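What follows is one structure encoded as structure tokens, with my remarks underneath.
Protein chains in written order, with our numbering: chain X, 1 to 114; chain P, 1 to 115.
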């Protein structure tokens, strides 16, 4: 089965600082999802990457998928307290009837101090 | 984006009772929905795939007689925790997707506490 390793497990930064969260897979990724979760709440979809070398940005968050499709990074520029939460990467299956079935990393807890 | 709702958001029940959790796709149809479980400070673990009009597919180690899934329509899937015990206490989250957009949307989750 596919395993996802996220690093770091937790991160504390000062407001305004940049940060990066990494997600490494033991197998080739067919679809890599990034979500944000507030404790005890549902997941907020951030981005989905599918192609090797792909990069997507939304506001101050940029996600990249490496050429080999085994590692992804999530970069936040000029962090704000509103960015605080748990960031989860999830890997999709190859498609077909397995579409949408996600395996998640253990999560990265981000704290942003004002 | 698309919206997935869950009901109830919180439920407390006595050991031995059964609890039903609903997952609805509010503005789109979903032939497939997924049920996940999350323990405190842990990540999400897929429990089962809910298929509209057919039996659910359970992940290894998940008891199908314990966690009954029904996907009676294209907008509703239900998870029933039967004869709940304290170890079933957890955060249950469902998801549904839009394949043509490569997006998966998650419900807000249901926190189950079994006393």
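Cβ atoms here follow ideal geometry from the backbone N, Cα and C, with glycine treated the same way.
Remember, it's a predicted structure, so these values are computed and weren't measured experimentally.
Under 8 Å, do residue 33 of chain X and residue 104 of chain P count as touching if we go by C-beta distance? yes
In terms of alpha-carbon separation, which member of P/43, P/41, P/79 and P/75 lies closest to residue 56 of chain P? P/79
Please return the same chain residues whose Cβ sits closer than 6 Å to the Cβ of residue 67 of chain X, not counting the five positions on each side in sequence. 52 and 53
Can residue 90 of chain X be considered in contact with the ligand ATP, in the sense that its beta carbon sits closer than 7 Å to one or more heavy atoms? Absent from the structure shown: the ligand ATP. Ligands present: none.
Tell me the DSSP secondary structure of residue 87 of chain P in three-state form. helix
Please identify the residue among P/27, P/63, P/45 and P/109 whose C-alpha is closest to the C-alpha of residue 97 of chain P. P/27
Near residue 10 of chain P, what residues of its chain come up, given a Cβ to Cβ distance below 6 Å and the 5 sequence neighbours on each side ignored? 111
Residue from P/14, P/12, P/37 and P/20 with nearest C-alpha to residue 95 of chain P: P/37
Rounding to the nearest angstrom, what Cα-Cα distance links residue 44 of chain P and residue 112 of chain X in this structure? 23 Å
Using a Cβ-Cβ cut-off of less than 9 Å, list which residues of the region 73 to 93 of chain P approach chain X; keep chain order. 91 and 93
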